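Here is the structure we will look at, set down as structure tokens.
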Amino acid sequence: MVIDIAINELQQRLLQTNYISSLFFKEPMNICLVIDESNYLYNLKGNLCRRIESADYIDLTIKGDEEVVLEFLSGDTPLLSLIKQGRIHVEGNYRMILRFEAIVFCALEIESDVV
19 MVIDIAINEL QQRLLQTNYI SSLFFKEPMN ICLVIDESNY LYNLKGNLCR
69 RIESADYIDL TIKGDEEVVL EFLSGDTPLL SLIKQGRIHV EGNYRMILRF
119 EAIVFCALEI ESDVV
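In my numbering, the protein residues as written are 19 to 133.
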């Protein structure tokens, strides 16, 4: 699935940095992406992002069309903008929303620094 490819690319960018783990991963974060009625669970810890089958808790749930979720993960549109536009629905506290958005943004900055 395309979403798995996007998450794998995020994982590769996270592995290229040392500072993201100290800024954003003080404790693990479980994220559920709900796309077309399918759930994709991911655990972020250290600078690792891995797909998991189940979790005792979910910190952040992001619901939307695959195209819109990919728009965020690729850095085309910030998560908060997609929420304000009503194109994506997010469940979780504001701190977790900002935290995940910052992780994705910083990982994208890694890619632009490498090129």
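Just so it is clear, CB atoms sit at the ideal spot from N, CA and C, and this is done for glycine as well. Remember, predicted model here, so these are calculated numbers, not experimental data.
Given R68, which residues of its chain have a CB within under 6 angstroms of its CB, disregarding the five upstream and five downstream residues? N61
Exposed or buried, which one is I23 when buried takes at least 16 other CB atoms within 10 Å? exposed
DSSP state of N26, grouped into three classes? helix
In three-state DSSP terms, what is E85? helix
Once the 5 residues before and after V133 are set aside, which same chain residues still bring their CB inside 6 angstroms of it? Unreliable positioning characterises V133 in this predicted model, as indicated by a pLDDT of 44, which lies under 50. A coordinate reading is not provided.
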